[in-house]
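If you count by our numbering, then the sequence shown holds residues 661 to 762, one letter each, in order. Structure record follows, encoded as structure tokens.
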Amino acid sequence: MPPIPVEQLSPYPNNEVTTQVENKLRSKVRTPHQPRAPPQAVPDCILRERNVRERVGLSHSTIWRKIRSGEFPAPVRLGPQSVGWIEREVDGWIAERVAQRA
């Protein structure tokens, strides 16, 4: 088998390596962005007790004591043995505490 000429081994002409990068045309033409739709109302999220305790910094028994006395938002029944709190109501309760401090 005859040897392969050096010109055929190198992808660069005359074995010259260049560091300049050519600008290549993009295969897809970019179109201007479409205007965004107006923001929609975020649906209410339901927080489970663990998340509520983390947000408000109260224990299980303190939360339920405050619910019985009307000082904390009542939970929503999710199933036979599960409840959750509406995030907006919990955030409102926290905001009231902050407003009372000021």
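Beta carbons are placed, not taken as given, at the ideal position from N, Cα and C, and that holds for glycine.
{"Asked": "7 Å CB neighbourhood of residue 744 in its chain, flanking five on each side removed", "Found": "706, 707, 708, 735, 736, 738"}
{"Asked": "Simplified DSSP assignment, three categories, for residue 708", "Found": "coil"}
{"Asked": "Sheet register partners of residue 744 (DSSP bridge)", "Found": "736"}
{"Asked": "Residue 746 at chain C interface by Cβ criterion, 8 Å", "Found": "This model lacks chain C altogether; it includes just one protein chain."}
{"Asked": "CB contact flag (residue 713, residue 723, <8 Å)", "Found": "yes"}
{"Asked": "Rounded separation between residue 703 and residue 760 - CA only", "Found": "28 Å"}
{"Asked": "Backbone secondary structure at residue 713 - three-state DSSP", "Found": "helix"}
{"Asked": "Cβ pair residue 715, residue 750 closer than 8 Å", "Found": "yes"}
{"Asked": "Three-way DSSP call (helix, strand, coil) for residue 731 in this model", "Found": "coil"}
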